[in-house]
Amino acid sequence: MTPEELRSLIRTVPDFPQPGIQFRDITTLIGHPQGFAASVRHLADAARSVGAEAIAGMEARGFIFGAAVACELDLGFVPVRKPGKLPVPSIGVDYALEYGSGRLEIDPGAVASGERVVIVDDLIATGGTALAAAELLRQAGASVDHALFVIDLPDLGGAQKLRNAGVNVRTLISFEGD
Numbered sequence: 003m004t005p006e007e008l009r010s011l012i013r014t015v016p017d018f019p020q021p022g023i024q025f026r027d028i029t030t031l032i033g034h035p036q037g038f039a040a041s042v043r044h045l046a047d048a049a050r051s052v053g054a055e056a057i058a059g060m061e062a063r064g065f066i067f068g069a070a071v072a073c074e075l076d077l078g079f080v081p082v083r084k085p086g087k088l089p090v091p092s093i094g095v096d097y098a099l100e101y102g103s104g105r106l107e108i109d110p111g112a113v114a115s116g117e118r119v120v121i122v123d124d125l126i127a128t129g130g131t132a133l134a135a136a137e138l139l140r141q142a143g144a145s146v147d148h149a150l151f152v153i154d155l156p157d158l159g160g161a162q163k164l165r166n167a168g169v170n171v172r173t174l175i176s177f178e179g180d
């Protein structure tokens, strides 16, 4: 399936989580076997082309796509977790969200020094979570210079923020102006 065909599988929910927001819901994409598989293949091809040695994904939707891409490429998956989820000593980073703040944590032993880790997630909006993940993975010693997303909301500027931080961004689908 082409990215444009995949775009048609993403449900838009108006006024969620608040009036004026057009929520892009991937539930319909991941529930479509051919659409989900095609999304994973497109992302895996992009990760392969940049020499990924491991794939990282942020909890929770990044786990869906990231783990599937890692499996497709026969690579390890690095889960970037919400606080308090790891049973081992972890490192973390706090970051700003559109409506508050957040924290991400990883097991620092999950990546090798210099390992080329590609971030995979469902959507890039304001970029706060992805920037925090890149910072955290770099703290652990990973080389992070690529991030892949199914959806880009370019009007929110997240992809550009990542590029400004030295992370190349590729997306399958873009929803501009809404």
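If you use the working numbering, the sequence shown corresponds to residues 3 to 180, in order. In this text, a Cβ means the ideal position worked out from N, Cα and C, and glycines have one as well. Nothing here was measured: the structure is a model prediction, and the numbers come from that model.
For VAL42, the CB contacts under 8 Å within the same chain, skipping 5 residues up- and downstream, are PHE67, ALA70, VAL71 and GLU74 in chain order.
Taking a 10 Å sphere around the C-beta of PHE18, we find fewer than 16 other C-beta atoms and assign the residue as exposed. VAL82 places its beta carbon less than 7 Å from that of ALA58.
In the DSSP annotation of this structure, the continuous segment of the alpha helix (DSSP H) that includes PRO5 starts and ends at 5 to 9. In the DSSP secondary-structure assignment, ARG83 is bridged to GLU107.
By the 16-neighbour rule on beta-carbons within 10 angstroms, PHE38 is buried.
For a cut-off of 8 Å, the C-beta gap from ILE93 to LEU138 is around 7 Å, short enough to register as a contact. Counting other Cβ atoms within 10 Å of its Cβ, VAL152 reaches 16 or more and is therefore classed as buried. A direct Cα-to-Cα measurement between ASP147 and GLY53 gives close to 11 Å. Residue environment for LEU99: exposed (fewer than 16 other C-beta atoms within 10 angstroms of its C-beta). Within the model, the alpha-carbon separation for VAL169 versus LEU150 is close to 10 Å. For the 7 Å CB-CB criterion, THR30 and LEU11 form a contact. Following the DSSP letters along the chain, one finds VAL42 inside the alpha helix (DSSP H) bounded by residues 35 to 51. The three-state reading of DSSP puts THR128 in coil, since its state is none of H, G, I, E or B. CA-CA distance, VAL95 to PRO156, rounds to 25 Å.
Residue state for ALA54 is assigned as coil, using DSSP reduced to three classes. With fewer than 16 other CB atoms across the displayed protein chains lying within 10 angstroms of its CB, GLY86 is exposed.
Under the DSSP definition of a beta bridge, PHE177 lacks any partner.
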